[in-house]
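Trainee: First the structure, then my questions, so here it is.
2 protein chains.
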Amino acid sequence: MILPQALRPGDEVRVVSPASPLTPEKVQRGVELLESEGYRVTYGNHVFAADGYLAGNDQERAADLMEAFTDPNVKGIICSRGGYGCARLFPYLDLDVMAASGKMFGGFSDLTTLHLPLNRRGLVTLHCPMLITLSVEREPWVEESFRAILKGENPIPETAFKGETFVGGSADGVLTGGCMCLLGDSLATPDPLDAAGKLLSNEDVDENPHRVDAMFTQMLNAGVLQSAAGIIIGEMTGTDDRLDEKIGAWPWRKIVEDRLASITVPTIINFPFGHMKNMLSLPLGVKARLDADQGTLEILDPICAASQ
Amino acid sequence: MILPQALRPGDEVRVVSPASPLTPEKVQRGVELLESEGYRVTYGNHVFAADGYLAGNDQERAADLMEAFTDPNVKGIICSRGGYGCARLFPYLDLDVMAASGKMFGGFSDLTTLHLPLNRRGLVTLHCPMLITLSVEREPWVEESFRAILKGENPIPETAFKGETFVGGSADGVLTGGCMCLLGDSLATPDPLDAAGKLLSNEDVDENPHRVDAMFTQMLNAGVLQSAAGIIIGEMTGTDDRLDEKIGAWPWRKIVEDRLASITVPTIINFPFGHMKNMLSLPLGVKARLDADQGTLEILDPICAASQ
Chain A
163 MILPQALRPG
173 DEVRVVSPAS
183 PLTPEKVQRG
193 VELLESEGYR
203 VTYGNHVFAA
213 DGYLAGNDQE
223 RAADLMEAFT
233 DPNVKGIICS
243 RGGYGCARLF
253 PYLDLDVMAA
263 SGKMFGGFSD
273 LTTLHLPLNR
283 RGLVTLHCPM
293 LITLSVEREP
303 WVEESFRAIL
313 KGENPIPETA
323 FKGETFVGGS
333 ADGVLTGGCM
343 CLLGDSLATP
353 DPLDAAGKLL
363 SNEDVDENPH
373 RVDAMFTQML
383 NAGVLQSAAG
393 IIIGEMTGTD
403 DRLDEKIGAW
413 PWRKIVEDRL
423 ASITVPTIIN
433 FPFGHMKNML
443 SLPLGVKARL
453 DADQGTLEIL
463 DPICAASQ
Chain B
163 MILPQALRPG
173 DEVRVVSPAS
183 PLTPEKVQRG
193 VELLESEGYR
203 VTYGNHVFAA
213 DGYLAGNDQE
223 RAADLMEAFT
233 DPNVKGIICS
243 RGGYGCARLF
253 PYLDLDVMAA
263 SGKMFGGFSD
273 LTTLHLPLNR
283 RGLVTLHCPM
293 LITLSVEREP
303 WVEESFRAIL
313 KGENPIPETA
323 FKGETFVGGS
333 ADGVLTGGCM
343 CLLGDSLATP
353 DPLDAAGKLL
363 SNEDVDENPH
373 RVDAMFTQML
383 NAGVLQSAAG
393 IIIGEMTGTD
403 DRLDEKIGAW
413 PWRKIVEDRL
423 ASITVPTIIN
433 FPFGHMKNML
443 SLPLGVKARL
453 DADQGTLEIL
463 DPICAASQ
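Residue numbers (the working numbering), protein chains in the order written: chain A, 163 to 470; chain B, 163 to 470.
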């Protein structure tokens with residue numbers, strides 16, 4: 163296991179855009195948060211590039227990532243936004259070099275695509291807010307959680323909401339998962355989601371109800387859900403707003419309850435982990451304990467190496 | 163290989179709803195078409211059931227399918243509509259029995275989910291209009307193609323449009339594929355898409371542009387596209403209508419051209435195969451020849467066993 167170095171005041175944090183584009187005003191509030199912790203924020207060369215749904219072409223986005231991971235001055239890398247685009251980068255990335263760098267790497271949503279191969283190569287990564295996420299004010303504990311994880315501290319504040327018991331019991335396992343559609347997109351690739359014996363987290367945004375069903379069903383048909391030691395269902399933001407007339411719909415809660423009906427491992431739903439309202443920062447690739455009776459998750463191992 | 167029996171006047175054709183629901187008026191025009199060929203149309207017990215996006219619960223939809231495949235009086239099975247739901251049926255289906263029945267089975271879109279395992283078990287199946295598709299008038303050659311394939315005749319009329327050359331050359335291979343999101347959903351399951359040495363067809367409907375990109379990218383990252391002997395890109399219906407501001411967008415044509423830029427096998431795009439306007443009926447699981455210079459597909463082997 164490769165633990166990233168905890169950030170200290172004065173450390174350089176590089177902002178990169180490996181997926182979809184955004185405008186400079188969308189990073190401002192998040193940059194102020196990082197600077198308030200004493201970090202020096204720098205930017206990848208193409209961080210505000212835009213071509214359709216991509217923040218610059220694949221080579222440009224990949225070059226920014228590789229530069230951030232190989233520049234010895236850069237201590238942490240935070241993504242500006244998700245959207246879509248990380249899966250296109252694999253031909254241009256050296257994942258072994260990225261993982262071996264031991265740098266702190268944070269983001270979520272489309273970044274799930276990079277967490278999986280980096281975790282598989284041993285690097286602990288951070289499922290945490292991105293700059294665009296921080297452009298609007300969140301619950302205080304969301305920022306508290308984010309500030310804590312960057313320092314290598316426990317990112318699950320007492321004040322954060324708990325999940326609801328779906329299947330009781332408790333389970334220890336390495337934390338994996340993230341955004342469902344990207345977890346699905348990883349299947350059959352060289353670095354597929356592997357949930358066996360792990361705690362599998364799932365959240366997504368703006369999916370049609372039947373697609374949420376389809377993603378759970380694929381995970382069932384592939385044996386992924388059944389192989390997990392425990393399951394953590396976060397937000398399915400926007401799904402209930404898409405109860406479309408064309409194909410018919412179920413609310414996401416009914417979908418989750420239906421698709422997980424056969425699951426016997428400890429499972430919680432509505433955990434404060436997702437795209438919009440609630441956003442705990444969580445380390446991926448470290449051992450955690452799911453207490454599904456209490457609806458809580460506890461990180462068991464260190465998240466970061468001590469600063470030097 | 164198990165060839166279905168060609169239909170003859172007087173044969174019973176069973177209509178089933180293994181996926182999403184529909185109302186009786188949506189099948190009327192298609193039933194008239196089937197009856198005009200002299201077929202006797204019967205209905206699965208739950209064909210008009212509805213629960214959200216499903217035409218009845220999984221056990222009901224699966225029971226209708228199994229009954230159709232095992233009833234010796236039923237000669238052909240045509241699905242009423244796709245939508246979503248077939249992937250949920252696997253726990254309740256006996257795919258070996260279905261394939262060994264040698265019955266004609268037709269549908270597309272969500273039915274891709276059933277074509278793959280039936281083809282893998284040797285049964286030739288029909289990628290063809292469903293009852294809901296026939297509820298509105300199509301180009302004359304669409305109905306001509308459908309009527310032909312049910313009789314085991316060549317379903318590619320001279321009057322059908324051709325595809326456009328993307329990579330020239332020609333290739334022979336077994337025809338596979340269908341609706342992209344369902345092809346993706348098959349990956350890592352017991353019956354995944356296997357395009358190696360085959361002619362891989364792809365079409366989809368109402369997908370966000372970046373999701374079309376993501377599906378092609380997964381197929382690239384998984385090596386699926388590169389393994390095919392030839393590639394046939396049909397319609398991506400509705401994708402260009404979703405050039406959303408939130409994430410940014412590319413027209414689907416640009417997406418296809420970008421994602422297939424590294425493909426060196428014979429490939430055509432805009433083949434008249436898809437969800438809305440153009441809908442050739444095609445046999446899946448039989449050998450065909452793609453002439454990518456001419457933009458044509460030719461079925462090389464018999465589609466059906468001779469009627470007895």
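Where a beta carbon is used, it is the ideal one built from N, C-alpha and C, also for glycine. Keep in mind it's a predicted model, so treat the numbers as computed, not measured.
A/W412 versus chain B: which residues are under 9 Å apart at the beta carbon?
Mentor: D213, G214, Y215 and L216
Trainee: To the nearest angstrom, how far is the alpha carbon of A/D402 from that of B/I417?
Mentor: 29 Å
Trainee: For B/E187, which option in B/A168, B/L255 and B/L293 has the closest C-alpha, if you only look at C-alpha atoms?
Mentor: Cα-wise, what sits closest to B/E187 is B/L293.
Trainee: By the criterion of Cβ-Cβ separation under 9 Å, what are the contact partners of A/Q380 in chain B?
Mentor: In chain order, A249, G346, D347, S348, L349, A350 and T351 make up the part of chain B whose C-beta sits under 9 Å from the C-beta of A/Q380.
Trainee: Hey, would you say A/G172 sits closer than 9 Å to A/G192, going by beta carbons?
Mentor: no
Trainee: Here's the rule I'm using: 16 or more other beta-carbon atoms within 10 Å means buried, otherwise exposed. How should B/L462 be labelled?
Mentor: exposed
Trainee: Would you say B/K324 and B/I425 are within 9 Å of each other, going by their C-beta atoms?
Mentor: no
Trainee: Identify the contact partners of A/S182 in chain B, using a Cβ-Cβ distance below 7 Å as the criterion.
Mentor: Going along chain B in sequence order, the residues near A/S182 (Cβ under 7 Å) are I409 and G410.
Trainee: Within 9 Å (strictly less), CB to CB, does A/H372 reach chain D?
Mentor: Structure shown: chain D not included; protein chains present are A and B.
Trainee: Could you check the C-alpha separation between A/V203 and A/I318 for me, to the nearest Å?
Mentor: 25 Å
Trainee: Less than 9 Å between CB atoms is the rule here; does A/C241 satisfy it with respect to chain B?
Mentor: False, the Cβ-Cβ gap to chain B never drops below 9 Å.
Trainee: Just reading off the beta strand (DSSP E) that A/H208 is part of, what are its end residues?
Mentor: Per DSSP, A/H208 belongs to no beta strand (DSSP E) and is neither H nor E.
Trainee: Quick check on this structure: which residue in B/D453, B/P352 and B/C241 has the alpha carbon closest to the alpha carbon of B/T327?
Mentor: B/D453
Trainee: Output the residue ranges of the alpha helix (DSSP H) runs that lie fully inside the region 173-247 of chain A and measure 4 residues or longer, sorted by chain position.
Mentor: 190-198 and 220-232
Trainee: Looking at the C-beta of B/A390, does it have a partner C-beta in chain A at a distance below 9 Å?
Mentor: no
Trainee: With a cut-off of 9 Å, does the C-beta of A/M377 fall near any C-beta of chain B?
Mentor: At least one chain B Cβ lies under 9 Å of A/M377.
Trainee: So which residues of chain A does B/P354 contact, with C-beta pairs closer than 8 Å?
Mentor: A350
Trainee: Counting contacts by CB-CB distance shorter than 9 Å, is B/Y246 in contact with chain A?
Mentor: yes
Trainee: Does the distance from the C-beta atom of A/R404 to that of A/E365 stay below 9 Å?
Mentor: One thing to note: A/R404 has its Cβ no nearer than 9 Å to the Cβ of A/E365.
Trainee: Could you name the residues that DSSP lists as bridge partners for A/M398?
Mentor: A/D366
Trainee: Compute the Euclidean distance between the alpha carbons of B/G206 and A/F270, then round it to the nearest angstrom.
Mentor: 45 Å
Trainee: For B/P319, which three-state DSSP category applies?
Mentor: coil
Trainee: Please check if any C-beta of chain A sits within less than 9 Å of the C-beta of B/A358.
Mentor: no
Trainee: Could you say which of B/G340, B/K408, B/T458 and B/N281 lies nearest to B/H437 if we only look at CA atoms?
Mentor: B/G340
Trainee: I need the straight-line Cα distance from A/L216 to B/T399, nearest angstrom please.
Mentor: Those two C-alpha atoms are separated by around 22 Å.
Trainee: Would you kindly work out how many angstroms separate the C-alpha atoms of A/G314 and B/G244, rounded to a whole number?
Mentor: 49 Å
Trainee: On a CA-only basis, which of A/V336, A/V175 and A/K439 is nearest A/A450? Give me that one, please.
Mentor: A/V336
Trainee: Which first and last residues belong to the beta strand (DSSP E) in which A/E299 is found?
Mentor: Unbroken run through A/E299: none, as it is neither H nor E.
Trainee: Does the beta-carbon of B/D455 have 16 or more other beta-carbons within 10 angstroms, so that it is buried, or is it exposed?
Mentor: B/D455 counts as exposed, since fewer than 16 other C-beta atoms from the protein chains shown sit within 10 angstroms of its C-beta.
Trainee: Can you tell which of B/C343, B/E397, B/A357 and B/S389 has the C-alpha that lies nearest to the C-alpha of B/M377?
Mentor: B/C343
Trainee: If we count the other Cβ atoms within 10 Å of its Cβ and call it buried at 16 or more, is A/T295 buried or exposed?
Mentor: The residue in question, A/T295, is buried, as its Cβ has 16 or more Cβ neighbours within 10 Å.
Trainee: Return helix, strand or coil for A/T351, following the three-state DSSP convention.
Mentor: coil
Trainee: How would you list, in chain order, the residues of chain A whose beta-carbon sits under 8 Å from the beta-carbon of B/F252?
Mentor: N383
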